[in-house]
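Protein chains in written order, with the working numbering: chain A, 172 to 278; chain B, 7 to 354.
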């Protein structure tokens with residue numbers, strides 16, 4: 172069923188920019204169009220590119236924010252989320268906790 | 007035009023004429039309008055619905071650019087239910103890496119706050135590890151499940167025993183006691199998971215036990231948002247109609263019994279909910295066109311009333327998805343497209 176919904180109407184998650192748009196709904200309460208516009212502006216792409224897995228795979232690699240097919244040495248988990256928080260200018264709870272745990276320099 | 011293949015609310019295939027489908031679409035809309043006192047769909051929307059239903063393609067999808075966010079309830083449970091031998095963390099990785107999930111949901115197999123409470127110390131390390139190795143947002147989900155606090159499962163007298171005896175005030179008192187337990191457990195579990203790093207908390211199947219449960223969930227959200235103003239809380243409902251099992255509880259001056267999604271969402275907004283999930287129950291003896299039309303009418307009114315993102319509950323037996331253990335993709339894709347495009351959903 173998740174697959175049927177995904178194909179019928181889903182953004183595509185990390186294959187595209189679905190996780191990034193979701194974060195804007197979650198952190199700023201943005202409705203779907205506002206969230207897409209915000210993410211597109213931050214990434215410097217057209218809104219149509221957000222759901223394109225070919226374009227987004229390259230964008231995600233360039234910005235080091237994690238992608239489905241991982242290359243060696245790139246950001247993969249919490250490190251990718253640190254980059255996402257900075258890119259989207261949002262607070263990510265797990266990133267803040269990770270930084271606290273490792274005495275991340277503030278400012 | 008010959009017969010059109012569609013389905014019943016229980017998922018079984020059925021062939022209908024164009025006239026029969028149009029009739030069922032009208033009737034489905036009329037049922038929602040009558041119950042919730044909301045506007046009907048427009049003629050253009052009715053025609054669009056018909057075209058989605060009659061499309062001969064096996065699966066349909068939204069037009070480019072209309073795609074939305076997918077969120078989940080009981081996410082990791084789905085793998086356990088199918089006896090797939092993977093851990094919860096592996097389940098989340100499968101959602102993220104293989105299923106194109108925009109968000110993910112971690113939860114206990116008994117998906118309620120009450121049974122999670124004693125195992126919080128075991129759930130937290132799973133969440134912490136998952137957060138280190140995944141990138142998409144991770145929700146921690148559970149149901150308020152007020153019914154589980156009644157005898158024989160919990161400490162409160164069972165209202166289902168009291169009500170048939172005419173003990174109305176005693177039943178109400180029991181609901182009120184149970185509310186306090188729900189609030190305490192939901193706040194305890196949600197706080198622990200948020201402090202461990204969860205991106206969001208999912209209050210799932212809210213108001214399954216009626217108006218008192220809805221009030222308890224709203225109060226728990228209020229407390230959580232006061233403690234953690236940045237916390238994202240998704241509230242998914244149990245049904246389109248809040249049952250008046252207590253019958254005399256209000257929130258912000260509004261009696262909760264009998265509220266439909268367009269009013270439910272305003273209560274959720276007031277409490278501080280970030281994402282609202284209406285849930286429209288399938289009537290399994292009615293056709294898929296009837297059920298989709300009815301659900302779309304309720305949800306469109308909800309989306310128009312809402313100031314926060316709306317993610318429709320569209321799993322088996324709700325939101326136009328047939329009540330079947332293995333919902334057919336043709337039906338799921340049709341209800342997905344219909345709701346997203348006509349209701350202007352923010353997610354599913």
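The C-beta atom is built at its ideal place from N, Cα and C for all residues, glycine as well.
Quick check on the DSSP output: the beta strand (DSSP E) that includes residue 241 of chain B runs from which residue to which? Residues 238-243.
Quick one: grab the DSSP three-state call for residue 105 of chain B. DSSP places residue 105 of chain B in coil when its eight states are reduced to three.
Residue 200 of chain B versus chain A: which residues are under 9 Å apart at the beta carbon? Correct list: 264.
| message | Restricting to Cα atoms, I'd like to know which of B:339, B:283 and B:348 is closest to residue 181 of chain A. | response | Comparing alpha carbon positions, the residue from B:339, B:283 and B:348 closest to residue 181 of chain A is B:339.
Exercise. For the beta strand (DSSP E) that contains residue 19 of chain B, what are its first and last residues?
Worked result: Start and end: 19-22.
Inset, instruction - With a 10 Å radius around its C-beta and 16 neighbouring C-beta atoms as the bar for buried, classify residue 89 of chain B as buried or exposed. - result: Around the beta carbon of residue 89 of chain B, fewer than 16 other beta carbons sit within 10 angstroms, so the residue counts as exposed.
* To do: Say whether chain A places a C-beta atom closer than 8 Å to the C-beta of residue 65 of chain B.
  => Cβ-Cβ to chain A under 8 Å: yes for residue 65 of chain B.
Between the beta-carbon of residue 198 of chain B and the beta-carbon of residue 155 of chain B, is there less than 8 Å?
-> For residue 198 of chain B and residue 155 of chain B, no; Cβs fall outside 8 Å.
Indicate whether the contact test is met: 3 or more Cβ pairs, each with one atom in the region 209-217 of chain B and one in the region 259-277 of chain A, closer than 8 Å.
By the Cβ criterion, the region 209-217 of chain B is not in contact with the region 259-277 of chain A, since fewer than three pairs of Cβ atoms, one from each stretch, lie closer than 8 Å.
Please report the straight-line C-alpha distance between residue 55 of chain B and residue 186 of chain A, rounded to a whole angstrom. Going by the C-alpha atoms only, they are around 30 Å apart.
Pull up the DSSP beta-bridge partners for residue 162 of chain B, would you. Residue 162 of chain B is bridged by DSSP to B:156.
Note to self: So, with DSSP's three-state summary, where would you put residue 254 of chain A?
What the structure shows: For residue 254 of chain A, the secondary structure class from DSSP, reduced to helix, strand or coil, is helix.
Best match in B:128, B:108, B:215 and B:102 for proximity to residue 114 of chain B [C-alpha to C-alpha]
Nearest option by C-alpha distance: B:128.
Might you give, ordered along the chain, the residues of its own chain that have their beta carbon closer than 6 Å to the beta carbon of residue 281 of chain B, omitting 5 neighbours on each side? Cβ neighbours of residue 281 of chain B within its own chain (closer than 6 Å, five residues either side excluded): 240, 315 and 317.
Note down the Cα distance separating residue 216 of chain B from residue 118 of chain B, rounded to an integer number of angstroms. Residue 216 of chain B and residue 118 of chain B: Cα-Cα distance of roughly 16 Å.
Hey, does residue 192 of chain A have any beta-carbon neighbour from chain B nearer than 8 Å?
It does; some Cβ of chain B falls within 8 Å.
Proximal residues of chain A, C-beta to C-beta of residue 349 of chain B below 7 Å = The contacting residues do not exist; residue 349 of chain B stays about 11 Å from chain A at best.
For the putative contact between residue 248 of chain B and residue 264 of chain B, defined by C-beta atoms under 8 Å, what is the C-beta separation to the nearest angstrom?
At roughly 6 Å, the Cβ-Cβ gap stays under 8 Å, so residue 248 of chain B and residue 264 of chain B are in contact.
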